[in-house]
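In this note's numbering, the protein residues as written are 3 to 156. Notes follow the structure.
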Amino acid sequence: MVLGLYTFADIDADGAPRLEVADGEEFVRVDRVVELALGPRVLKAPGTLYLTTRRVIWVSDGGEGYAVDFVAISLHAVSRDPEAYPYPCIYTQIETEAISDEESDVSDSETNGELELSKVMEMRIIPSDPGQLDELFEAFCNCAELNPDPSAGN
């Protein structure tokens, strides 16, 4: 398991992510024309969102991809408040590797204009059709339930 958001490039000839089928990973839901906001960063161009039994994977139409394991998502919720974010979305908080207080400024997730994925602690998933938000959130919750926090039993 990888804590935090990471670049994803393991894509087949059809543009779909290659899954870890040996570990039982399967597609649960695929949504096209979904935008992604990483931390304070502006929206990424539309892409395809893949919910699997283990991960959230987003791949832009240009082939840029990001993924996060469900066990690294500490909170997920539907957000419809335009004061919190201008578009209805699924808001997530992502656990990252432990870093020192000096390095942990949320606003410092960018260095020299480049996004440091290891510091991204928030991600918003914005479907093009806000009417799909509740169904998407239900699938998101079901996938999250398949991946309980491994330290919760301690």
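Ideal Cβ positions, reconstructed from N, Cα and C, are used throughout, including at glycine.
Subject >> Touch test, the region 83-98 against the region 135-142, Cβ-Cβ under 8 Å, three pairs minimum >> reply: Verdict: yes, contact present.
Original post:
How big is the Cα-Cα spacing for G49 and A154?
Top reply: The sequence position of residue 49 within the sequence shown is 47, counting from 1. The sequence position of residue 154 within the sequence shown is 152, counting from 1. In a straight line, the C-alpha of G49 is about 33 Å away from that of A154.
**OP:** Out of D71, E37, D63, state which residue places its alpha-carbon closest to the alpha-carbon of L21.
**Re:** Locating residue 21 in the sequence shown gives position 19, where the first residue counts as 1. The shortest CA-to-CA distance from L21 to any of D71, E37, D63 is the one to D71.
Original post:
Under three-state DSSP, which class holds G65?
Top reply: Residue numbering aside, residue 65 sits at position 63 when the sequence shown is read from its first letter. Assignment of G65 by DSSP, reduced to helix, strand and coil, places it in the coil class.
Original post:
So which of E97, D136, L148 has the shortest CA-CA distance to M123?
Top reply: Position 121 of the sequence shown, counted from the start, is the residue given in the question as residue 123. Comparing Cα positions, the closest option is E97.
**OP:** Would you please state the rounded distance, in angstroms, between the beta carbons of V36 and I128? I believe it to be under 8 Å.
**Re:** By one-based count along the sequence shown, residue 36 stands at place 34. By one-based count along the sequence shown, residue 128 stands at place 126. Rounded, the Cβ-Cβ distance is 7 Å, consistent with contact.
Original post:
Buried or exposed: V61, going by 16 or more other Cβ atoms within 10 Å of its Cβ?
Top reply: Walking along the sequence shown from the start, residue 61 turns up at place 59. Here V61 is buried: its Cβ has 16 or more other Cβ atoms, across all protein chains shown, within 10 Å.
Subject >> Alpha-carbon spacing of L77 relative to G6, whole angstroms >> reply: Taking the first residue of the sequence shown as 1, we reach residue 77 at position 75. Taking the first residue of the sequence shown as 1, we reach residue 6 at position 4. Their backbone Cα atoms lie some 13 Å apart in a straight line.
Original post:
Near V58, what residues of its chain come up, given a Cβ to Cβ distance below 6 Å and the 5 sequence neighbours on each side ignored?
Top reply: Locating residue 58 in the sequence shown gives position 56, counting from the first residue. The answer, listed in chain order, is V70.
Original post:
In three-state terms, what does DSSP make of G6?
Top reply: In the sequence shown, residue 6 corresponds to position 4, counting from 1. G6: coil per DSSP, three-state reduction.
Original post:
Less than 9 Å separating the beta-carbons of L119 and Y8?
Top reply: To locate residue 119, count along the sequence shown from 1; it is residue 117. To locate residue 8, count along the sequence shown from 1; it is residue 6. Contact flag set, yes.
**OP:** Would you mind stating whether I13 and G64 have Cβ atoms separated by less than 9 Å?
**Re:** The count along the sequence shown starts at 1 and reaches residue 13 at position 11. The count along the sequence shown starts at 1 and reaches residue 64 at position 62. No; because the gap between Cβ atoms is not below 9 Å, this pair is not in contact.
Original post:
Looking only at C-alpha atoms, which of A11, V32, P42 sits nearest to L135?
Top reply: Numbered from its first residue, the sequence shown carries residue 135 at position 133. The option with the nearest alpha carbon to L135 is V32.
Original post:
Are the Cβ atoms of A39 and R126 separated by less than 9 Å?
Top reply: Your numbering for residue 39 matches position 37 in the sequence shown. Your numbering for residue 126 matches position 124 in the sequence shown. In contact: A39 and R126 (Cβ atoms closer than 9 Å).
Subject >> Element boundaries [beta strand (DSSP E), containing D151] >> reply: Here the question's residue 151 lines up with position 149 in the sequence shown. No beta strand (DSSP E) contains D151, which DSSP labels as neither H nor E.
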